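Before any comments, here is the structure.
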Amino acid sequence: METKALTGKFYDIQGFSVHDGPGIRLTLFMKGCPLRCPWCHSPESQAFPTELNWMEIKCVGIEKCGNCLKVCPHGAISPGGKKKSLTGDDEITLVTVDRSKCDNCGKCAEACTSKALYMCGTDYTLDEIMERVRRDVPFFKKSGGGVTVSGGECLWQPEFLLEILKKCKEEGIHTAVDTTGYAKWEVIEPLLPYTDLFLLDIKGIDPELHKRVVGVPNELILENARKIAKAGGKFQIRIPTIPMYNDSVKAFDDMGKFIVELGDAVEVVQLLPYHNLGTVKWERLQRSAPILEATPPSDELMQARKKQLEDLGLNVIIH
Ligand code: SF4
Ligand code: SF4
1 METKALTGKF YDIQGFSVHD GPGIRLTLFM KGCPLRCPWC HSPESQAFPT
51 ELNWMEIKCV GIEKCGNCLK VCPHGAISPG GKKKSLTGDD EITLVTVDRS
101 KCDNCGKCAE ACTSKALYMC GTDYTLDEIM ERVRRDVPFF KKSGGGVTVS
151 GGECLWQPEF LLEILKKCKE EGIHTAVDTT GYAKWEVIEP LLPYTDLFLL
201 DIKGIDPELH KRVVGVPNEL ILENARKIAK AGGKFQIRIP TIPMYNDSVK
251 AFDDMGKFIV ELGDAVEVVQ LLPYHNLGTV KWERLQRSAP ILEATPPSDE
301 LMQARKKQLE DLGLNVIIH
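In terms of full-length UniProt numbering, the sequence shown opens at residue 1 and continues consecutively.
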């Protein structure tokens, strides 16, 4: 009997990335995440299944097309709002998707030649992923780069993640795992021999606040960070700096002290100032806007928080 090849589900693959580890990286974004950060700028990464996205700007209107209405087997698509055509001469009728009826079958996306409707989430076998990885090996060699497996939360597809890392190391490619750290230690431990660098998010130390805002407690994350450090793993720690959540002197003091505890395992701390550029992606999923809509932190505040961590002896950059 033929055995089915193991596959991983990805929502994006980006070459020439320069912010996800050393050198030029190929970043593989796996789909699915157990956290629900209200500032998430990749909401399409959160759900585990492949799902329908809708980009209004690309729709040519049901007067000229309407393919999606004809093919949906569940009647989930109906005429929606009006907007001016690109020339501004006509008004066109857009469509609307009733998510309670949609089962993400993808038939409308197949029929939508203008790609206004598209499915997010593609399954790849290890051979397919490695074929893509090998195309970028010359850039890795020139720049000291490699592969970064990110998400969503890549630790939640552990078997496939491990296979990618093993294969990359077999082929002499630098590996980084970009993670929230929220997974059982039994998932993380087997990755250690094949992971050159962990890009680990630290979003806050207060456990109650972390659970309330992000949706999961942080004890496991902090414990995993300590265990990785003890086992000889290396970190680039990332702090998404979020107004009204973790941008205070006290929050940075707590996070800084925790990071110092990790000792030489920490190569650099990267501060990621909150931005709201992901709002449009929430609209494509027709979900309500992220809970958090805030003004990005000022340069002065970012510089002050950077200095605060540097004063604790940490090597800090602002992305
Ligand atoms: S993905 Fe399938 S069920 Fe959902 S709107 Fe499209 S055709 Fe209908
Ligand atoms: S198939 Fe695509 S372009 Fe055509 S009406 Fe539907 S969403 Fe718009």
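Glycine included, C-beta positions come from ideal geometry on N, C-alpha and C.
Values in this document were obtained by computation on a predicted structure and should not be read as measured data.
Just mark residue i as buried or exposed, buried being the case when its beta carbon has 16 or more other beta carbons within 10 Å.
{"i": "residue 185", "result": "exposed"}
{"i": "residue 121", "result": "buried"}
{"i": "residue 90", "result": "exposed"}
{"i": "residue 189", "result": "exposed"}
{"i": "residue 170", "result": "exposed"}
{"i": "residue 236", "result": "buried"}
{"i": "residue 191", "result": "buried"}
{"i": "residue 157", "result": "buried"}
{"i": "residue 251", "result": "buried"}
{"i": "residue 195", "result": "buried"}
{"i": "residue 259", "result": "buried"}
{"i": "residue 316", "result": "buried"}
{"i": "residue 116", "result": "buried"}
{"i": "residue 16", "result": "exposed"}
{"i": "residue 244", "result": "exposed"}
{"i": "residue 213", "result": "buried"}
{"i": "residue 145", "result": "buried"}
{"i": "residue 153", "result": "buried"}
{"i": "residue 18", "result": "exposed"}
{"i": "residue 150", "result": "buried"}
{"i": "residue 210", "result": "buried"}
{"i": "residue 45", "result": "buried"}
{"i": "residue 266", "result": "buried"}
{"i": "residue 174", "result": "buried"}
{"i": "residue 249", "result": "exposed"}
{"i": "residue 295", "result": "exposed"}
For residue i, report the span of its beta strand (DSSP E) as first-last.
{"i": "residue 185", "result": "Where residue 185 is concerned, there is no enclosing beta strand (DSSP E), although the alpha helix (DSSP H) it sits in stretches over 185-188."}
{"i": "residue 267", "result": "266-273"}
{"i": "residue 30", "result": "25-30"}
{"i": "residue 60", "result": "Element bounds for residue 60: n/a, residue is neither H nor E."}
{"i": "residue 94", "result": "91-97"}
{"i": "residue 150", "result": "146-150"}
{"i": "residue 237", "result": "235-241"}
{"i": "residue 35", "result": "From DSSP, residue 35 is part of no beta strand (DSSP E); its letter is neither H nor E."}
{"i": "residue 53", "result": "51-54"}
Helix, strand or coil for residue i? Go by DSSP, reduced to three states.
{"i": "residue 156", "result": "helix"}
{"i": "residue 263", "result": "helix"}
{"i": "residue 164", "result": "helix"}
{"i": "residue 193", "result": "helix"}
{"i": "residue 178", "result": "strand"}
{"i": "residue 119", "result": "strand"}
{"i": "residue 79", "result": "strand"}
{"i": "residue 45", "result": "helix"}
{"i": "residue 296", "result": "coil"}
{"i": "residue 313", "result": "coil"}
{"i": "residue 138", "result": "helix"}
{"i": "residue 12", "result": "strand"}
{"i": "residue 201", "result": "strand"}
{"i": "residue 84", "result": "strand"}
{"i": "residue 171", "result": "coil"}
{"i": "residue 143", "result": "helix"}
Which stretch, first to last residue, makes up the alpha helix (DSSP H) that contains residue i?
{"i": "residue 210", "result": "207-214"}
{"i": "residue 127", "result": "126-135"}
{"i": "residue 299", "result": "299-310"}
{"i": "residue 224", "result": "219-230"}
{"i": "residue 69", "result": "67-71"}
{"i": "residue 107", "result": "107-111"}
Item to check | By C-beta, the residues closer than 7 Å to any heavy atom of ligand 1, given in chain order | outcome: 52, 68, 71, 72, 73, 74, 76, 77, 97, 101, 102, 103, 104, 105, 106, 107, 108, 109, 117
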